[in-house]
Amino acid sequence: MPTVSGLTLAQWFAELDQYRERIPLAVLSHGLKRLSLDLRDLRPFIRFSDEKYRRNLMHEGPAYHALLLCWRNGQRSPIHDHRGSSCALRVIAGEATETIFHMTDEGRVFEARTRTLAERFMCATQDLDVHQISNLQASGRELITLHLYSPPLLVMGQYSLNDSVVHEFRDDVYSLGAGI
Numbered sequence: 000m001p002t003v004s005g006l007t008l009a010q011w012f013a014e015l016d017q018y019r020e021r022i023p024l025a026v027l028s029h030g031l032k033r034l035s036l037d038l039r040d041l042r043p044f045i046r047f048s049d050e051k052y053r054r055n056l057m058h059e060g061p062a063y064h065a066l067l068l069c070w071r072n073g074q075r076s077p078i079h080d081h082r083g084s085s086c087a088l089r090v091i092a093g094e095a096t097e098t099i100f101h102m103t104d105e106g107r108v109f110e111a112r113t114r115t116l117a118e119r120f121m122c123a124t125q126d127l128d129v130h131q132i133s134n135l136q137a138s139g140r141e142l143i144t145l146h147l148y149s150p151p152l153l154v155m156g157q158y159s160l161n162d163s164v165v166h167e168f169r170d171d172v173y174s175l176g177a178g179i
């Protein structure tokens, strides 16, 4: 996999460790762009599950979590927000599908658009942006994504296409994600 010149993971984490409060989204995004990655550096954190996508904690700083999410074909996150947290995401291997949702005046979510996130693609979102990440690649194709959450994303709102009820849920690290 080609690398982008710039920071190593250790250097970037050291920079982010200086923050004591929510890290600005622009800082997270810029860091992902400068980050030089090699799959060998990530290997200790690459763990898949056949049941659901898996959230693997890489590093925990005072104001953030760095997670490597590992997805088998067909696995998806729930439709969720980033309640009080900023998120920067980079596709490490494979191809992700992001579905972005908007809300009606009655509080029901609906699909606004879907886009493909190719390898090395980066994006950022925050707070009440509602979306779903999926691995819709052909059978046997795995997806690995790097996520930075500041402050750590411990509780999210989960949405359904069937009603306007927003369920609060906790999606722990080193665990199977709440999706399918």
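Heads up: the sequence shown begins at 0 in numbering that gives the first Met the number 0, then just goes up one per residue.
Just so you know, even glycine gets a beta-carbon here, dropped at the ideal spot from N, CA and C.
Tell me the rounded alpha-carbon separation between residue i and residue j.
i, j, result
"residue 126", "residue 39", "32 Å"
"residue 2", "residue 95", "Only weak support is given to the placement of residue 2: the predicted model assigns it a pLDDT of 42, under 50, and the question is left unresolved by the model."
"residue 85", "residue 153", "12 Å"
"residue 26", "residue 119", "18 Å"
"residue 79", "residue 160", "12 Å"
"residue 23", "residue 72", "32 Å"
"residue 35", "residue 70", "22 Å"
Can you tell me which of the options puts its alpha carbon nearest to the alpha carbon of residue i?
i, options, result
"residue 66", "99, 43, 114 and 118", "43"
"residue 181", "106, 35 and 121", "Shown here, the chain extends from 0 to 179; a query on residue 181 therefore has no answer."
"residue 145", "20, 134 and 41", "41"
"residue 61", "21, 81, 48 and 124", "21"
If I follow the unbroken alpha helix (DSSP H) through residue i, where does it start and stop?
i, result
"residue 257", "The chain is shown from 0 up to 179; residue 257 falls before or after that span and cannot be answered."
"residue 13", "8-15"
Could you have a look at residue i and say whether DSSP puts it in helix, strand or coil?
i, result
"residue 116", "strand"
"residue 41", "helix"
"residue 137", "coil"
"residue 89", "strand"
"residue 49", "coil"
"residue 111", "strand"
"residue 148", "strand"
So residue i is in the beta strand (DSSP E); what residue range does that whole segment cover?
i, result
"residue 156", "154-158"
_Assess contact between the region 43-60 and the region 115-130, defined as three or more Cβ pairs (one per stretch) separated by less than 8 Å. Is contact present?_
no
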